[in-house]
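Engineer: Following this message is one structure expressed as structure tokens.
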Amino acid sequence: MIIIPAIDLKDGEAVRLYKGDYQQKTVYSSSPETLALQFQNMGANYLHVVDLDGAKDGTTTNLSTIQKIRQTISIPIEVGGGIRTIDTVELYLEKIGIDRVILGTAAIENPEFLKTALKKYGAKRIVVGVDIKDGFVSTSGWLVNTQIYYLDFLQELEKMGVQYIVCTDISKDGTLQGPSFPIYQKIKDTTSLHCIVSGGVKGAEDILEATRQGYYGCIVGKAYYEGQIDLKEVISCLPKESFLV
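To convert, take the position in the sequence shown, counting from 1, and add 548; that gives the working numbering.
So, in structure tokens, the structure goes:
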């Protein structure tokens, strides 16, 4: 399993939202690229970046900040938020040098776009973000709730050739209440998707539990920013083979 520190961007700053509420924002850094370098120096071997403005509006609002992050660190980066056209996928993967992108809203609203991206770039570079609220998938930066049951959606993704997902229980995100492991267990029981645990991680014990359960990765955000976890120590404690991507 890989530990993936998260940087959520809003107005060029590194922030965290509470349960996806854009009105409940905490700013942690006005220099996200410096923060990214700190994560790399701690031993992280992947970085998770979300353009929150883009997720809400379908834009690349924080593109210049993401470029700075890419220029500052050498470890792989995955980017999500507002990626809804093949041109935007190409921009990130081919021009900016991002290693993989996360499709969310577009994967639900435009399956043909997802298929095109998978065909062009492969399943290792096209990840789908599945954000869940009360068992149903949410879109547009968690502002729109669909009537699509998350397991039904995941099974459809698998049929299309998706292999990697970032799965977030919105009710847990930013709460430090622990991940929704029952949801992840259902995903493991019903699909063969490689699942990245996201939302609610409160400390090292959650990362170790995700490791024990055999998930592909675990995203760490607020627990680090609030001093609840020594990220460098946790990374150093995991077996080296955990960092293979």
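Every residue, glycine too, gets a C-beta built ideally from N, C-alpha and C.
Grouping DSSP H, G and I as helix and E and B as strand, with all else coil, what is Thr-723?
Structural biologist: Looking up residue 723 in the sequence shown gives position 175. DSSP places Thr-723 in coil when its eight states are reduced to three.
Engineer: Is the distance from the Cβ of Gly-726 to the Cβ of Lys-770 below 9 Å?
Structural biologist: By 1-based counting over the sequence shown, the position of residue 726 is 178. By 1-based counting over the sequence shown, the position of residue 770 is 222. Result no, Cβ atoms of Gly-726 and Lys-770 do not sit closer than 9 Å.
Engineer: Given this structure, state the Cα-to-Cα distance separating Asp-778 from Leu-724, to the nearest angstrom.
Structural biologist: Here residue 778 refers to the residue found at position 230 when the sequence shown is read from its first residue. Here residue 724 refers to the residue found at position 176 when the sequence shown is read from its first residue. Using only the alpha carbons, I get a separation of about 15 Å.
Engineer: Kindly indicate which three-state DSSP category Glu-774 falls into: helix, strand or coil?
Structural biologist: Taking the sequence shown and counting its residues from 1, one reaches residue 774 at position 226. In this structure, Glu-774 counts as coil in the three-state DSSP scheme.
Engineer: What residues match up with Glu-561 in a beta bridge as DSSP calls it?
Structural biologist: In the sequence shown, counting from the first residue as 1, residue 561 sits at position 13. In DSSP, Glu-561 forms a bridge with Lys-558.
Engineer: What does the alpha-carbon distance come out to for the pair Val-793 and Asp-605?
Structural biologist: Locating residue 793 in the sequence shown gives position 245, where the first residue counts as 1. Locating residue 605 in the sequence shown gives position 57, where the first residue counts as 1. Its pLDDT being 45, under 50, Val-793 is placed unreliably by the model, and nothing is read from it.
Engineer: Closer than 8 Å is the cut-off here; do at least three beta carbon pairs connect the stretch 652-662 with the stretch 612-623?
Structural biologist: In short, these stretches do not touch, since the Cβ pair count stays below three.
Engineer: Can the beta-carbon of Tyr-698 be found less than 9 Å from the beta-carbon of Lys-736?
Structural biologist: Position 150 of the sequence shown, counting from 1, holds the residue named residue 698. Position 188 of the sequence shown, counting from 1, holds the residue named residue 736. Not a contact, by the Cβ cut-off of 9 Å.
Engineer: Ser-746: buried (16+ other C-beta within 10 angstroms of its C-beta) or exposed?
Structural biologist: On the sequence shown, position 198 is the one that residue 746 refers to. Ser-746 should be labelled buried.
Engineer: Count the other CB atoms, across all protein chains shown, that sit within 10 Å of the CB of Gly-602; report buried if there are 16 or more and exposed otherwise.
Structural biologist: To locate residue 602, count along the sequence shown from 1; it is residue 54. The residue is buried, with at least 16 neighbouring Cβ atoms inside 10 Å.
Engineer: Which residue comes first and which comes last in the beta strand (DSSP E) that contains Leu-651?
Structural biologist: Position 103 of the sequence shown, counted from the start, is the residue given in the question as residue 651. Here the beta strand (DSSP E) through Leu-651 covers 648-651.
Engineer: Measure the beta-carbon distance from Arg-648 to Lys-668 and round it to whole angstroms, keeping in mind my assumption that it falls under 8 Å.
Structural biologist: Counting from 1 along the sequence shown, the entry for residue 648 is found at position 100. Counting from 1 along the sequence shown, the entry for residue 668 is found at position 120. Contact doesn't hold; Cβ gap of about 13 Å is too wide.
Engineer: What residues in its chain sit with their C-beta under 6 Å from that of Ser-790, if we drop five residues either side in the sequence?
Structural biologist: Locating residue 790 in the sequence shown gives position 242, where the first residue counts as 1. Interpretation of Ser-790 is limited by its pLDDT of 47, a score under 50 that renders its predicted location unreliable; no figure is taken from the coordinates.
Engineer: My output table needs one value for Gln-761: the three-state DSSP class, helix, strand or coil.
Structural biologist: Looking up residue 761 in the sequence shown gives position 213. Gln-761 falls in the coil class under three-state DSSP.
Engineer: Go to Gln-711, then tell me how far its beta strand (DSSP E) extends in each direction, as first and last residue.
Structural biologist: Position 163 of the sequence shown, counting from 1, holds the residue named residue 711. No beta strand (DSSP E) contains Gln-711, which DSSP labels as neither H nor E.
Engineer: Check whether the Cβ atoms of Asp-635 and Leu-600 lie closer than 9 Å to each other.
Structural biologist: Your numbering for residue 635 matches position 87 in the sequence shown. Your numbering for residue 600 matches position 52 in the sequence shown. Contact: no.
Engineer: Please state if the CB of Ile-644 and the CB of Tyr-594 are separated by a distance shorter than 9 Å.
Structural biologist: Within the sequence shown, the letter at position 46 stands for residue 594. Within the sequence shown, the letter at position 96 stands for residue 644. No.
Engineer: Determine whether the beta carbon atoms of Gly-628 and Val-714 lie at a separation below 9 Å.
Structural biologist: In the sequence shown, residue 628 corresponds to position 80, counting from 1. In the sequence shown, residue 714 corresponds to position 166, counting from 1. Yes; because the gap between Cβ atoms is below 9 Å, this pair is in contact.
Engineer: Measuring alpha carbon to alpha carbon, tell me which of Glu-753, Gly-652, Lys-720 and Leu-666 ends up nearest Asp-682.
Structural biologist: One-based indexing of the sequence shown puts residue 682 at position 134. That would be Lys-720, whose Cα lies nearest to the Cα of Asp-682.
Engineer: Helix, strand or coil for Lys-734? Go by DSSP, reduced to three states.
Structural biologist: The residue you call residue 734 lines up with position 186 of the sequence shown. In the structure shown, Lys-734 sits in a helix (DSSP, three-state: H, G or I).
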